[in-house]
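Numbering (full-length UniProt numbering), first residue to last: 1 to 337.
Below you can see the structure in the form of structure tokens.
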């Protein structure tokens, strides 16, 4: 087997392996995220609402986008390469959903900044009402900001990993292909990541000021501050994974757009194919790993996990059902008396 065949085989195996590693834990973790962030201990926190909404978008990424992209890259089966409507809508929706997910985590960082402020007006902005409004505005804004993809995404003739020219659903060749690569790197990786780091730093400053200005005077304040610290840890872990996972994808997209007009050997195309498969698959870890990051970094989250897991077992559900029936029988007997 030649080096080119080995590289192409490695690219396919890598894509499938990394996709499975993302998909299996992602499905379990994101479903548990939805249950846990709707628990009474967390559902009244604005930060939890951002986490919950992000989990919904990540479920779409794991259940829809990841399988479709895996089949496309590994088996070269993509209806979007032959149907212009599917090409435009699939590319547009797949981009928008992933971007929204990252920006929701950024909004959670912003909420922690407001919530930890010593300024009472800023703290009042950290509310469920503000969170709902901000989420709606963010989703609409990103949908509008990426609407140009519907116009400029076309079926073009590109060179595949074997050096053959095939139809591919991609951005229009020329300035727009470079533009969309830079645009996506800005809104998917650089901008949200930088804002996450900025608001994370400002939040830490707010916490230091609180320790100096606001003494802990009650047990409730201690519990509240402890919950805030755990939410901040969970957020920090998620931010780091997003930055590490999404940057390679964006960098590869920019590199591809700048080198599209350069004549390449079959060996170089195979090398870039391997690098592209890795860069395209790694970002899914940012969308599938949140549950495990939250479990490792937040004890409040772990407590809610421990509370919810027993209810998932059949024995526990039967016991709850039996005890509920017994209570109903006792109440009926008392009424008869």
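Just so you know, even glycine gets a beta-carbon here, dropped at the ideal spot from N, CA and C.
Backbone secondary structure at residue i - three-state DSSP
i           : result
residue 40  : coil
residue 157 : strand
residue 263 : coil
residue 149 : helix
residue 288 : helix
residue 5   : helix
residue 196 : helix
Element boundaries [alpha helix (DSSP H), containing residue i]
i           : result
residue 130 : 128–145
residue 171 : Where residue 171 is concerned, there is no enclosing alpha helix (DSSP H), although the beta strand (DSSP E) it sits in stretches over 165–171.
residue 272 : 266–281
residue 97  : 84–115
residue 58  : 46–60
residue 180 : 175–184
residue 120 : 120–125
Residue i classed as buried or exposed, judged by whether at least 16 other C-beta atoms fall within 10 angstroms
i           : result
residue 252 : buried
residue 8   : buried
residue 129 : exposed
residue 96  : buried
residue 267 : exposed
residue 258 : exposed
residue 263 : exposed
residue 61  : buried
Beta-carbon proximity list for residue i, same chain, < 6 angstroms, skipping 5 on both sides
i           : result
residue 172 : 152 and 154
residue 207 : 116
residue 71  : 77
residue 293 : 237 and 238
residue 187 : 99
Residue i beta carbon near the ligand SAH (any heavy atom closer than 7 angstroms)
i           : result
residue 276 : This structure lacks the ligand SAH, and indeed carries no ligand of any kind.
Cut-off 8 angstroms between Cβ atoms - residues of its own chain near residue i, not counting five sequence neighbours on either side
i           : result
residue 115 : 46, 47, 123, 126 and 228
residue 3   : 267 and 270
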